[in-house]
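According to full-length UniProt numbering, the sequence shown is numbered sequentially starting from 1.
A short write-up of the structure that comes next.
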Amino acid sequence: MGERSADGSFKSGPLRIGWIALAGFSLASCDQRPNQWDAFIYPNGNDLTTSKTIKGFKTFELCQSAAISELRSLPDPDRGDYECGYKCEFDPNIDIHVCKETRR
1 MGERSADGSF KSGPLRIGWI ALAGFSLASC DQRPNQWDAF IYPNGNDLTT SKTIKGFKTF
61 ELCQSAAISE LRSLPDPDRG DYECGYKCEF DPNIDIHVCK ETRR
């Protein structure tokens, strides 16, 4: 076990720091969302209830490029909008996608 100090308590050392790091990694692994970017395309930027989702991009730049390309294919591309989300998961309780990060 670890060394004890004069007052009988354990000294802080590599083992304790290792356990703290392990606990941190364990908490981080609780996030089950996939390591990917998803594109959310809104044909009408004023109505975010209607969207198209394209999933599975490895980088933000690939997601952004696909979203812009999809917007340009719409009848009125200037009316639409998009966002890319990282590590997204649909939450049925609130009926939206929840992402760790979103960018435009």
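Beta carbons are placed, not taken as given, at the ideal position from N, Cα and C, and that holds for glycine.
Please classify F90 as buried or exposed, where buried requires at least 16 neighbouring CB atoms within 10 angstroms. Here the question's residue 90 lines up with position 90 in the sequence shown. It is exposed - the Cβ of F90 has fewer than 16 other Cβ atoms within 10 Å.
Closest by CA to D95, which one among L48, N35, W37 and L71? Looking up residue 95 in the sequence shown gives position 95. Comparing Cα-Cα distances from D95 to each of L48, N35, W37 and L71, the minimum goes to L48.
Confirm, please, whether the CB-CB distance from Y86 to R104 is below 8 Å. Translated into the one-based positions of the sequence shown, residue 104 becomes position 104. Translated into the one-based positions of the sequence shown, residue 86 becomes position 86. Going by C-beta atoms, R104 is not nearer than 8 Å to Y86.
In this structure, what does DSSP give as the bridge partners for R103? Within the sequence shown, numbered from 1, the residue matching residue 103 stands at position 103. C84, per the DSSP bridge assignment.
N- and C-terminal bounds of the beta strand (DSSP E) containing I54: Within the sequence shown, residue 54 is the residue found at index 54, counting from 1. Where I54 is concerned, the enclosing beta strand (DSSP E) stretches over K52 to F57.
Grouping DSSP H, G and I as helix and E and B as strand, with all else coil, what is I68? If you number the sequence shown from 1, residue 68 lands on position 68. Reduced to three states, the DSSP call for I68 is helix.
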